[in-house]
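First up is the structure itself, then whatever we jot down about it.
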Amino acid sequence: MIKKIYSLTLLILLIALPINISASTISSNSINGNTLSSNTNIPTVSNVYKEGFYRFDNTTNIDMIVMLNTDVPTKLIIFDDEMNIKFLSDLPYKNKLYIRGFHINQIVGIVGEGDVAISFEPINQ
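Residue numbers (numbering that gives the first Met the number 0): 0 to 124.
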């Protein structure tokens, strides 16, 4: 019952308070020109993200690195394009959390008062 209430609350927040972010992009040549085509769109290292829901403009699947910068309980949620929860985790303070294979059109939700830094890398083959 509590899980249903929690999921319903998150869904209501997502619908009522949508926050769309267009992260800036960098040239694939500065990352690794041998494995990426010149039209690959990979968001750069972010500024600090606060509580909310974010959609990034990646055009390929990428790896995401997340780090909680403040010692405040904070959760990370990843939704797929049909709003199904694909990942839910407490964020460890000052430790990097690697999310492998972050897909196109996925949404990142941050729940809590913490400051979260997110960076992106091409998938290592």
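Ideal Cβ placement from N, Cα and C applies to all residues, glycine included. In this text, all values refer to a predicted model and were calculated from it rather than measured experimentally.
Presumed contact (8 Å Cβ cut-off) between residue i and residue j, rounded CB distance
i, j, result
"I64", "E120", "7 Å"
"D89", "Q105", "Not confirmed; about 19 Å, so no contact."
"V110", "K74", "5 Å"
Rounded separation between residue i and residue j - CA only
i, j, result
"P72", "Y48", "14 Å"
"K93", "K3", "31 Å"
"D56", "I103", "8 Å"
"D70", "G113", "7 Å"
"T59", "Y5", "31 Å"
Outcome for residue i when other beta-carbon atoms lying within 10 angstroms are tallied against a minimum of 16
i, result
"N123", "exposed"
"L7", "exposed"
"I1", "exposed"
"Y53", "buried"
"G108", "buried"
Helix, strand or coil at residue i according to DSSP, with G and I counted as helix
i, result
"I103", "coil"
"T73", "strand"
"F78", "strand"
Range covered by the beta strand (DSSP E) that runs through residue i
i, result
"P121", "115 to 121"
"Y92", "Taken as a continuous stretch (DSSP letters only), Y92 belongs to no beta strand (DSSP E), as it is neither H nor E."
"M63", "61 to 67"
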